[in-house]
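Engineer: Sharing a structure below in structure tokens format, with a few things to ask.
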Amino acid sequence: MSEIFTGAFWAQYGGIILEGIWDTLVMTGISTLVAYILGLPMGVIMILTQPHGIRPNKLVYNVLGWVINMGRSLPFIILMIAIFPLTKFIMGTKVGVKGAIVPLVISAAPFIARMVETSLSEVDAGVVEAAQSMGASTFQIVWKVYLPEAKPSLVLGASISLITILAYTAMAGTMGAGGLGDLTIRYGHQRNVPSVMWITVLILIVMVQMIQSTFNYASKKMDKRLNDEKASDKGFTALAFMEKFRKGC
779 MSEIFTGAFW AQYGGIILEG IWDTLVMTGI STLVAYILGL PMGVIMILTQ
829 PHGIRPNKLV YNVLGWVINM GRSLPFIILM IAIFPLTKFI MGTKVGVKGA
879 IVPLVISAAP FIARMVETSL SEVDAGVVEA AQSMGASTFQ IVWKVYLPEA
929 KPSLVLGASI SLITILAYTA MAGTMGAGGL GDLTIRYGHQ RNVPSVMWIT
979 VLILIVMVQM IQSTFNYASK KMDKRLNDEK ASDKGFTALA FMEKFRKGC
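Plus 778 on top of the position in the sequence shown (first one is 1) and you've got my numbering.
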């Protein structure tokens, strides 16, 4: 362990550790972005089509809910192996950073959809009713009510999603995806260099702490801004929203 603090260690392993950090960041960033592109609309549709939603649709709600539950129930490693042919077809390879993107997205999108649905369900029903009474369209209610009102909760959910995907990248490393997980397997385990394993663990801990602290701070700032505008505990009051909505229009 003490050899981590020596120049010889970093001269020998510094390059591959930096490469592993970069690969992990690329996998996490791209996968999170694409997963949100897929998961955010799914979460919005779930909240709109639920029995008490503004556009209730039992068929859409049940089918989409089943798809999301099925996606969340598959362990990531099993999913990654099961869709090797699909990954090969889309990315042209089953290994490396590119080979990890598809399974990461497919695994994370249903999780994100549930996170988004949970965040949007916390929006005060009075605010939604106020928007409906003013004749707001479904798109306006989503864009100007649900998403702004749920922003602090969405940000906290994003931190959980990002950390979860980061953990998945480490697992993907066991299947040759690259990144810090791959370093832990190849050097920490197969080549019996425990110092590399411990440094990758330390780096992952630092990454998680930075993500969580940053998103917690952002969420608190958003809540503070809402409070400064004399919002209620769950968002704008109906009267305040109606005034804001008129100005926005």
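For glycine and all other residues, C-beta sits at the position ideal for the given N, C-alpha and C.
1. Which class does A786 belong to by DSSP, given the choice of helix, strand or coil?
2. Can you tell me where the alpha helix (DSSP H) with D960 in it begins and where it stops?
3. In its own chain, which residues sit with a C-beta less than 7 Å from the C-beta of M869, not counting the 5 before and 5 after it?
4. Taking the alpha carbon of R850 as the point to measure from, which residue in G831, R969, G798 and G817 has its own alpha carbon closest?
5. When you compare the CB positions of I825 and L898, do they come within less than 7 Å of one another, or not?
6. Applying the 10 Å Cβ sphere with the 16-neighbour rule, what's the burial state of A959?
7. Per the contact definition of three or more C-beta pairs closer than 8 Å, is the segment 855-870 in contact with the segment 928-938?
8. With distance defined between alpha-carbon atoms, name the residue in Q990, P972 and Y946 nearest to T806.
9. Could you give the DSSP three-state label for P853: helix, strand or coil?
10. Would you kindly work out how many angstroms separate the C-alpha atoms of M953 and D1001, rounded to a whole number?
11. How far does the alpha helix (DSSP H) with Q968 in it reach, from first residue to last?
12. Taking contact to mean 3 or more Cβ pairs, one atom from each stretch, closer than 8 Å, check whether the segment 985-997 and the segment 911-918 are in contact.
13. Keeping to the same chain, check which residues put their C-beta closer than 7 Å to that of Y839; ignore five residues upstream and five downstream.
14. Where do the N-terminal and C-terminal ends of the alpha helix (DSSP H) with K876 fall, by residue?
15. Please say whether V974 and Y791 have beta carbons closer to each other than 7 Å?
Structural biologist: Quick look at the numbers:
1. A786: helix per DSSP, three-state reduction.
2. Note, D960: alpha helix (DSSP H), G957 to L961.
3. If we look at M869 and ignore the five residues flanking it on each side, its Cβ neighbours are K876, G877, I879 and V880.
4. The residue with the shortest Cα to Cα distance from R850 is G817.
5. With respect to the 7 Å criterion, I825 and L898 are classified as neighbours on the basis of their beta carbons.
6. Contrary to the premise, residue 959 reads as Gly rather than Ala in this sequence. Looking at its Cβ environment, which holds 16 or more other Cβ atoms inside 10 Å, G959 is buried.
7. By the C-beta criterion, the segment 928-938 is judged not to be in contact with the segment 855-870, since fewer than 3 inter-stretch pairs fall below 8 Å.
8. Among Q990, P972 and Y946, the Cα nearest to that of T806 is on Y946.
9. Coil, per DSSP.
10. Each residue's alpha carbon lies about 41 Å from the other.
11. It is not in any alpha helix (DSSP H) - Q968 carries neither H nor E in the DSSP assignment.
12. Touching, no.
13. Excluding sequence neighbours, Y839 sits near M824, T827 and Q828.
14. Element bounds for K876: G874 to S899.
15. Less than 7 Å divides the Cβ of Y791 from the Cβ of V974.
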